[in-house]
Ligand code: FES
Ligand code: FES
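Chains as they are written, first to last, in the working numbering: chain A, 58 to 207; chain B, 22 to 764.
Right, here's the structure in full:
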């Protein structure tokens, strides 16, 4: 039995090697975390595990025993985390599909480095593909909340 | 376009199901309110007595903002307060007209139609208010969901008038009046995209987010080579995977493949992970196919050889062969590989077949085509198929081909339960409708100063038509009109030809389609000619485009479809072309001194009725190409939503970076070599470091396309910049395959 906390709820499961991505989407019906490659290559499935950005398609559920998982649905109660607000303010999304993962990577970045340089932003965000090409605005949105994240 | 729908307003819309926030659990076919008190003057619009104004978005949202922008046009003309507007996504239904969200035409095709919807409702509301006040309706105006009598200042809310307005006869087209441009409240200014809040909080509903009771998840094993059938597979092994429910087959398509399901072996499970794991155990043996020997490297040589031979003439102006005699000539060949769509959301669809009816939910660019594809697959009438359109996690042309929707429907029919078909990234890449591989040969005869007197070009690529008919080897007139037969240069003798090329994989349209290869070759070649003449490329290009004129392509020997738009309304206007060219050049500070290893390049291209120029500055370090600056100028006519136009331009440049720097798919023994983002990379944030500067040119012209036309000029502008920096001419894509360090 694996016990983990997901968006503030304690979840117990006997699933073992099911990746967290599919556990969230197909078992818990939490579909805000999205599938893009299944191989750790695109960042679309990013969640926070104990405040670090991880690719949920690469983490089997059993490896998360005792961990605290935050998905984009649990990042804030009303979708009003400073980065979620900045994303709307700067009109970042196009199709929107990658943006949950982008935001969570940015949250992890600002948690560890509240005033990141361009290079630090590149390093934190390089794993998140946006096929619509919203990178410029992602960068702007992150910069607009520098130091302002929780 | 200004005709009022003859839709019977008592036959209220029943557009239920998908809203774009919140999960959908179950489905109610009659969920829509059809209260007789509603006012439904047009198929796109319903006003409720509560004050809510429902506007139907009939085009698919894949990132352009169209779900916001077209309803915004209705609301503006109606005089609605945007806060009162509730946008509903239409199901696939011919009563809305074309819903094929493709070809960058949502705005130019529906701008007038949306204004008509708003004006029709507004006309009736004015009449209802005027009758109450006993005044002339023409003395009333509308604002913030109120009718206002100008002289007295009396105001009344729309919601008070709904019952009366609903009883009035619909106006005739010539009775309608429209706002003057300066009276517009939303058009030209824009509103925040309505889906942002859901997109940033994980609540937005994309294709894979549909959850139905009793639903199975399916992945399908399809033949690695187009057209092969399975000989054998292990039916039992997948069932041993925990969660796998059953293994069933989908009958292979009958040629031509068009939008049919490819066919294959489906593993259905309680969750996606089990379906994926189960499929790995199938151990399928595939039979042979006529495409087994397709090798895209060998095919490249074949296409380049074909481009050396005379082809079918698609445009002839003057007498090229006579004119070329005695002139100095320059020629070059260009090549672009197969390209992939790779939307972040791979294809996915959900279907529920019951009692001869099929309801599907899909991220589709073309719900009516999906409806037809499902009906044909299941052999039921299209009237028995309902297609709900979710948000699309990117489309780029892939999702206007509903093969994946047909798969879901066939599986649901077969297993008698709702089924969601999930495509993995590997499935997406290996079973794409690939952008055509292409070869071009260009030749110019030059005058004494080095300007072209005669220009010929030949394009060779497997046609999209091969997807719809067997044995097609020639491109369609539509494809020839994508930046080829419409060459906008002032050259006395022009010859454009098309050479034959058979298809060995599914060919489909990708964002900006054949403009990709045509713009790359033409705008690289003109840069070559400028270099040969020793003339600044910008000055050279201005001169080659020539005097201000609207090009009469018919008189110049081309049968030009102009994206389906009338040439009188949307001419090929060289003044606009030069204006964006010189605007981008000015923004780029064209011609300034640059350090060694840097260079500027420029290209300008009209496509999808819009004019776009891009100037690029690069720094080349060994093999590394660093894009330092991008200046884009667009004239798309009336800019209905400037912020979303800018966002599309930025995205187009990044799409251009992907295809120019690294984009390609290759095939060996008929099968695709690439499988995921490690070997089929697309641009990441580190590939798009520079800010993309976009200038929207003020224009009185009617609105043109926006989603695609930013893509074609990027690759040639970049390659021209690389030439300026290094002296190396890139004549084939992607750039990363060239060693630029050895000049
Ligand atoms: S889906 Fe997990 S990184 Fe792409
Ligand atoms: S917004 Fe579409 S993939 Fe990023």
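Glycine included, C-beta positions come from ideal geometry on N, C-alpha and C.
Using DSSP's beta-bridge definition, name the partner residues of residue 382 of chain B. B:371, B:409
Looking at chain A, which residues of the stretch 217-251 of chain B have a Cβ within less than 7 Å of any of its Cβ atoms? For chain A, the residues of the stretch 217-251 of chain B that bring a beta carbon within less than 7 Å of one of its beta carbons are 217, 218, 220, 221, 222, 223, 224, 225, 227, 229, 230, 232, 238, in chain order.
Considering only residues of the same chain and omitting the five flanking positions on each side of residue 733 of chain B, which have a CB-CB separation below 7 Å? For residue 733 of chain B, where only same-chain residues beyond five positions count, the Cβ hits under 7 Å are 504, 533, 536, 537, 540, 626, 628.
What residues in the stretch 124-146 of chain A have a beta carbon less than 7 Å from any beta carbon of chain B? 128, 129, 130, 136, 141, 144, 145
Near ligand 2: residue 196 of chain A beta-carbon under 7 Å from a heavy atom: Every heavy atom of ligand 2 is 7 Å or more from the Cβ of residue 196 of chain A, so no.
Hey, is residue 63 of chain A's beta-carbon within less than 8 Å of any beta-carbon in chain B? no
Compute the minimum distance between the beta carbon of residue 101 of chain A and the heavy atoms of ligand 1, and state whether it is under 7 Å. yes
Name, in chain order, the residues that DSSP records as bridge partners for residue 244 of chain B. Answer by DSSP bridge pairing: none, since residue 244 of chain B is not bridged.
Opposite residue 594 of chain B in the DSSP bridges: which residues? Per DSSP, B:571.
Check for me: the alpha helix (DSSP H) holding residue 666 of chain B runs from which residue to which? 663-678
Proximal residues to residue 344 of chain B (C-beta, below 8 Å), its chain only, five neighbours per side dropped: Excluding sequence neighbours, residue 344 of chain B sits near 466, 474, 475, 513, 514.
Counting only C-beta atoms, is residue 112 of chain A closer than 8 Å to chain B at any point? no
Straight-line Cα distance separating residue 95 of chain B from residue 519 of chain B: 43 Å
With H, G and I counted as helix, E and B as strand and the rest as coil, what does DSSP make of residue 110 of chain B? strand
Taking Cβ positions, are residue 321 of chain B and residue 697 of chain B nearer each other than 8 Å? Residue 321 of chain B places its beta carbon 8 Å or farther from that of residue 697 of chain B.
Can residue 140 of chain B and residue 198 of chain B be called in contact, C-beta distance under 8 Å? Contact: yes.
Counting only Cβ-Cβ distances shorter than 9 Å, please list the residues of the stretch 86-116 of chain A near chain D, keeping chain order. In the structure shown, chain D cannot be found, because the protein chains are A and B.
Residue 164 of chain B, DSSP secondary structure in three states: strand
Which residues DSSP lists as bridging residue 286 of chain B, in chain order: Beta bridge pairing from DSSP links residue 286 of chain B with B:242, B:270.
Find the nearest neighbour of residue 142 of chain A within the set A:164, A:80, A:187, judged by alpha-carbon distance. A:164
Is the shortest distance between the beta-carbon of residue 71 of chain A and the beta-carbons of chain B less than 8 Å? The beta carbon of residue 71 of chain A does not come within 8 Å of any beta carbon belonging to chain B, so the residue lies off that interface.
So, is the C-beta of residue 92 of chain B closer than 8 Å to a C-beta in chain A? Taking Cβ atoms only, chain A never reaches closer than 8 Å to residue 92 of chain B, which makes this a no.
According to DSSP, is residue 189 of chain B part of a helix, a strand, or is it coil? coil
Would you give the residue range spanned by the alpha helix (DSSP H) that residue 145 of chain A belongs to? 139-146
Could you check if residue 340 of chain B is buried or exposed, using at least 16 other CB atoms within 10 Å of its CB as the buried criterion? Answer is exposed; the Cβ neighbour count stays below 16.
Within 10 angstroms of its Cβ, does residue 645 of chain B collect 16 or more other Cβ (buried), or is it exposed? exposed
8 Å Cβ cutoff met for residue 383 of chain B and residue 370 of chain B: yes
Assign residue 120 of chain B to one of two classes, buried (16 or more other C-beta atoms within 10 Å of its C-beta) or exposed (fewer than that). buried
Determine the chain B residues that contact residue 118 of chain A at a beta-carbon separation under 9 Å, and present them in chain order. Around residue 118 of chain A, no beta-carbon contact reaches into chain B at under 9 Å, the shortest distance being about 10 Å.
Would you say residue 363 of chain B faces chain A, with C-beta separation under 8 Å as the test? Chain A, which has a Cβ nearer than 8 Å to the Cβ of residue 363 of chain B, makes this yes.
So, at 8 Å on beta carbons, what are the nonlocal neighbours of residue 755 of chain B in its own chain, with the 5 sequence-adjacent residues on each side left out? 358, 680, 681, 682, 683, 684, 685
Quick check: the stretch 424-443 of chain B against the stretch 234-254 of chain B, are at least 3 beta-carbon pairs closer than 8 Å? yes
Looking only at its own chain, which residues have a Cβ that is under 8 Å from the Cβ of residue 292 of chain B, when we skip the five neighbours before and after it? 238, 264
I need the DSSP call for residue 601 of chain B, collapsed to helix, strand or coil. helix
Who are the Cβ neighbours of residue 99 of chain B in its own chain at under 6 Å, not counting the five residues just before and after it? 139, 142, 143
Using 8 Å for Cβ pairs, my map puts residue 485 of chain B next to residue 500 of chain B. What's the rounded Cβ distance? 7 Å
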